[in-house]
Amino acid sequence: MSNITENFQQRKTIAKERMLVCFECEKYNKATTQCKECSCVMLLKTLLMDSSCPLNKWGAENFDKDN
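So for the sequence shown, this note's numbering puts the first residue at 1114; every next one is plus one.
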């Protein structure tokens, strides 16, 4: 598997894990898929590796910018 493919798979896994945390959070609005704390659309925010949860339920990931 190429380095790019591995990196993509890692990011996809992290985003999925983040969303599972959000689904269980009392601040997650299922109707809008938004966080009531930061107002972000979580389906998008969880894909951004440098983003973090304002409630410290998950943090930013440090990925090499070249990958």
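The C-beta atom is built at its ideal place from N, Cα and C for all residues, glycine as well.
Original post:
Are three or more beta carbon pairs between the segment 1136-1149 and the segment 1116-1125 nearer than 8 Å?
Top reply: Segment contact: the segment 1136-1149 against the segment 1116-1125, fewer than three CB-CB distances shorter than 8 Å; contact not assigned.
**OP:** Give the DSSP bridge partners of residue 1148, in chain order.
**Re:** 1141
Subject >> Exposure of residue 1158, with buried meaning 16 or more beta-carbon neighbours within 10 Å >> reply: Buried, since its Cβ has 16 or more Cβ neighbours within 10 Å.
Original post:
Which value, in whole angstroms, describes the spacing of the CA atoms of residue 1164 and residue 1151?
Top reply: 12 Å
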